[in-house]
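Numbering of the sequence shown is given in the working numbering, commencing with residue 30 and proceeding in unit increments. Idealized CB from N, CA, C, for every residue including glycine. Down below is the structure, laid out as structure tokens.
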Amino acid sequence: MRFGSRAAAPKRVKSGRRGAPRGWRNRILAVGAAALALPIAAGLAAPTVAMATPVHTPVHRAPAGGYEDLMVPSSMGPIKVQVQWAARGGDAALYLLDGLRARDDRNAWSFETNAMQQFGNDNITLVMPVGGQSSFYADWYSPSNLNGQKTTYKWDTFLTQELPAFLEGYGVSRTNNAIAGLSMGGSAALSLAGFHRDQFKFAASYSGYLNISAPGMREAIRVAMLDAGRYNVDSMAAPWSPQWLRLDACVFAPQLRGLPMYISAGSGLPGANDNPNSAIGVFNTGNAMALEALSMINTRAFQFRLNSLGIPATFDFPSTGTHSWKYWESQLWNTRQGILDATGAW
30 MRFGSRAAAP KRVKSGRRGA PRGWRNRILA VGAAALALPI AAGLAAPTVA
80 MATPVHTPVH RAPAGGYEDL MVPSSMGPIK VQVQWAARGG DAALYLLDGL
130 RARDDRNAWS FETNAMQQFG NDNITLVMPV GGQSSFYADW YSPSNLNGQK
180 TTYKWDTFLT QELPAFLEGY GVSRTNNAIA GLSMGGSAAL SLAGFHRDQF
230 KFAASYSGYL NISAPGMREA IRVAMLDAGR YNVDSMAAPW SPQWLRLDAC
280 VFAPQLRGLP MYISAGSGLP GANDNPNSAI GVFNTGNAMA LEALSMINTR
330 AFQFRLNSLG IPATFDFPST GTHSWKYWES QLWNTRQGIL DATGAW
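See the structure below:
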């Protein structure tokens, strides 16, 4: 390839020992010049290709079936997410939501229950977001003004937009997911599934509050959120706000039609997992009894609402059981088959 005026014809080189080296040297120089010219010409012809930035897919630091902590970017800042990858590299995921007193270091499903062991051999990724105390996993209007919160909760956005987009880079589907939670997380699981039907194929609520428009429920939630981190419920949903309706499963129930669901709540009576052996233990068990009884009333109301709409769901109301983790661990196991069937995670 030549640039500029036409090059002169090369001189003949006489054969012989003296002429041969010069001929080979010329050939080598010509090849080298061509090699240097080609990338220059390619760059001039297609600058977008030469200047393009390569896209790298995230790399698993843990093998299939392994465990990993991810820091996921969000509008709230980096959010820790505990992940157990699908046993055989499948694209399905189960989102496990925490309760009202969610911690900032670990999701309680990972240490209060055997959830990871339950799904350890299944082709589904467990996704356990960390944090969100008193959030109801909703998008709030403003930071809580009673405890100096610096950022506005945007958990709905995180769980349905930012986190799925991040996990997609690891091969986790945006649309082949199940979601389950307890108490606050149970209410949120149905809300997120109801308003994002393209993302979730199954939803489960254990001891959730599914009729929060009932008399006294908003006041009860206000008191509970003050007790769990001094959060102001008005920053989530002002008294006149339609946000309350978005959080009430009995109101958005029609949007759940066609969604496989598992819903449970105990009676509030102490059972096999309640063995208080101290004064504080007795106090905590009493609280757990009251909370579960309230959840059971809410869940019965939700069952009646679904029946009135002709929407099927699996309900379980054990004769004993309080608002505590070992009961939710058992309910997760009861739900496992439905989750695997809905997502095809075999």
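Proximal residues to residue i (C-beta, below 7 Å), its chain only, five neighbours per side dropped
{"i": "Leu65", "result": "In this predicted model, Leu65 has a pLDDT of only 35, less than 50, meaning its place in the structure is not dependable; the value taken from the coordinates is given anyway. So the list is empty, once near-sequence residues are dropped."}
{"i": "Ala342", "result": "Met290, Ile292, Leu335"}
{"i": "Thr77", "result": "Model confidence at Thr77 stands at a pLDDT of 32, short of 50, so the residue's coordinates are unreliable; what they give is reported in the following sentence. None."}
Identity of the residue in the options nearest residue i by Cα
{"i": "Leu155", "options": "Glu141, Thr180, Ala209", "result": "Ala209"}
{"i": "Met157", "options": "Asn304, Gln360, Met290, Gly214", "result": "Gly214"}
{"i": "Glu191", "options": "Ser103, Ile250, Ser293", "result": "Ser103"}
{"i": "Phe346", "options": "Lys355, Ile340, Trp354, Gln332", "result": "Gln332"}
{"i": "Arg275", "options": "Gly287, Asp185, Gly198, Phe344", "result": "Asp185"}
{"i": "Ala330", "options": "Arg365, Ala282, Leu361", "result": "Ala282"}
{"i": "Tyr260", "options": "Ile108, Phe165, Trp138", "result": "Phe165"}
{"i": "Pro92", "options": "Leu219, Gly118, Gln111", "result": "Gly118"}
{"i": "Gly94", "options": "Ala144, Asn152, Leu288, Tyr124", "result": "Asn152"}
{"i": "Ser212", "options": "Gln147, Asn176, Ala137", "result": "Ala137"}
{"i": "Ala233", "options": "Arg90, Trp375, Ala371", "result": "Ala371"}
Boundaries of the beta strand (DSSP E) in which residue i is found, first to last residue
{"i": "Leu361", "result": "It is not in any beta strand (DSSP E) - Leu361 instead sits in the alpha helix (DSSP H) that spans 354 to 372."}
{"i": "Leu125", "result": "121 to 126"}
{"i": "Gln113", "result": "108 to 113"}
{"i": "Met9", "result": "The first residue shown for the chain is 30 and the last is 375, placing residue 9 beyond what the model contains."}
{"i": "Thr343", "result": "343 to 345"}
Limits of the unbroken alpha helix (DSSP H) element including residue i
{"i": "Gln228", "result": "Run containing Gln228: none; DSSP gives neither H nor E here."}
{"i": "Gln332", "result": "308 to 338"}
{"i": "Leu192", "result": "192 to 197"}
{"i": "Phe140", "result": "138 to 141"}
{"i": "Met145", "result": "144 to 147"}
Cut-off 8 Å between Cβ atoms - residues of its own chain near residue i, not counting five sequence neighbours on either side
{"i": "Pro299", "result": "Thr314, Met318, Thr349, Thr351"}
{"i": "Gln284", "result": "Gly223, Phe224, Arg226"}
{"i": "Ala249", "result": "Leu323"}
Residues near residue i by beta carbon distance below 6 Å, same chain, minus five either side
{"i": "Ala266", "result": "Gln272, Trp273"}
{"i": "Ala122", "result": "Thr154, Val156, Val201, Asn206"}
{"i": "Ala74", "result": "Any answer about Ala74 is weak, because its pLDDT of 35 lies below 50 and its placement is not dependable; what the coordinates show is given next. Closer than 6 Å at Cβ, skipping near neighbours: no residue."}
{"i": "Leu320", "result": "His352"}
Residue j beta carbon less than 8 Å from that of residue i
{"i": "Ala253", "j": "Leu129", "result": "yes"}
{"i": "Gly237", "j": "Ser324", "result": "yes"}
{"i": "Ala257", "j": "Gln162", "result": "yes"}
{"i": "Met100", "j": "Phe187", "result": "no"}
{"i": "Lys109", "j": "Asp120", "result": "no"}
{"i": "Ala217", "j": "Leu288", "result": "no"}
{"i": "Gln376", "j": "Val159", "result": "This structure does not reach residue 376, given that the chain is present from 30 up to 375, and the question cannot be answered."}
- May I have a chain-ordered list of the beta strand (DSSP E) segments no shorter than 3 residues that lie completely inside the segment 158 to 182? DSSP runs (the beta strand (DSSP E)) wholly in the segment 158 to 182: none.
- Item | Unbroken stretches of the beta strand (DSSP E), 3 residues or longer, contained in the segment 201 to 289 | Listed in chain order, they are 206 to 211, 229 to 235.
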